[in-house]
Amino acid sequence: MSQKSQHDPRAQHSRRTILRAALDEFADAGYAGFRMDSVAARARVGRSTLYRHWPDKAALIADALETLNVQPDPEREAPTGTARRQVEILLKHLARALSDSAVSACIPALVHAAGTEPDIRRFFHAYSAQRRQRLTATIASGVGDGQFPARIDPEAASVALSGALFYRRLATTEPADSEFLTALIDTVLGA
Numbered sequence: 019m020s021q022k023s024q025h026d027p028r029a030q031h032s033r034r035t036i037l038r039a040a041l042d043e044f045a046d047a048g049y050a051g052f053r054m055d056s057v058a059a060r061a062r063v064g065r066s067t068l069y070r071h072w073p074d075k076a077a078l079i080a081d082a083l084e085t086l087n088v089q090p091d092p093e094r095e096a097p098t099g100t101a102r103r104q105v106e107i108l109l110k111h112l113a114r115a116l117s118d119s120a121v122s123a124c125i126p127a128l129v130h131a132a133g134t135e136p137d138i139r140r141f142f143h144a145y146s147a148q149r150r151q152r153l154t155a156t157i158a159s160g161v162g163d164g165q166f167p168a169r170i171d172p173e174a175a176s177v178a179l180s181g182a183l184f185y186r187r188l189a190t191t192e193p194a195d196s197e198f199l200t201a202l203i204d205t206v207l208g209a
């Protein structure tokens, strides 16, 4: 996007509309069925507008998915909270995102595309690692100051915690409610 269009409210609105349309198309059609002309129609823009900013569908999908990469700042939400409270904040946010949002709608298509498309796989791995980074750091801080047992491996714990939520979303019909999150945290990080 050009410097001028980054500050132009109309261009910003158009970009948001296109990215939202791309998310909807990805959720509905998956990677294989994703069509730039369908995105253009959904966003009510010309195809040339899309190709001016995104060379191909992989780039557009990656930018659209990046708009979903919003995480809470547990230190700001609970500045005097324990490491456990901060882990709860991060997991509740992830559980909400996986159950009731654009993220939830795109997860099946993203998982499928990551299995067949190398560019999407690389994006998904980087995206997942970035999302887990704050959780891993929070757990490491809790281990470091004795709030969690020293035996806890922060990276393995963050994978176990977030992975359980993804599993719950993709393989069951059960919600990741507060009771489940409490039991999960107790099991992985200790009561």
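Residue numbers (the numbering used here): 19 to 209.
Every residue, glycine too, gets a C-beta built ideally from N, C-alpha and C.
Keep in mind the model is a prediction, meaning the values are calculated, not measured.
Under 8 Å between C-beta atoms of residue i and residue j
| i | j | result |
| --- | --- | --- |
| A82 | L116 | no |
| A132 | I138 | yes |
| V177 | R150 | yes |
| L78 | V63 | no |
Sequence-distant residues of the same chain with beta carbon closer than 8 Å to residue i, five excluded per side
| i | result |
| --- | --- |
| H130 | G48 and Y49 |
| C124 | L41, F44, A45, L83 and L86 |
| R102 | G160, Q165, F166, I203 and L207 |
Beta-carbon proximity list for residue i, same chain, < 6 Å, skipping 5 on both sides
| i | result |
| --- | --- |
| Q21 | Caution is warranted here: a pLDDT of 49 is assigned to Q21, below 50, making its placement in the model unreliable, and no coordinate value can be reported. |
| A80 | F141 |
Residue i classed as buried or exposed, judged by whether at least 16 other C-beta atoms fall within 10 angstroms
| i | result |
| --- | --- |
| A144 | exposed |
| S119 | exposed |
| V88 | exposed |
| P238 | Residue coverage of the chain in this structure runs from 19 to 209, which leaves residue 238 outside it and unanswerable. |
| M19 | Residue placement at M19 is poorly supported in this model, since its pLDDT is 48, which falls under 50; the coordinates are not used for a value here. |
Same chain, Cβ closer than 7 Å to residue i, five either side skipped, listed in chain order
| i | result |
| --- | --- |
| L214 | No information on residue 214 is available, as it lies outside the stretch 19 to 209 that the chain covers here. |
| P193 | S117 |
Segments of 3+ residues assigned as beta strand (DSSP E) that fall wholly inside the segment 56–126: none
Whole runs of the beta strand (DSSP E) within the segment 123–206, excluding any shorter than 3 residues: none
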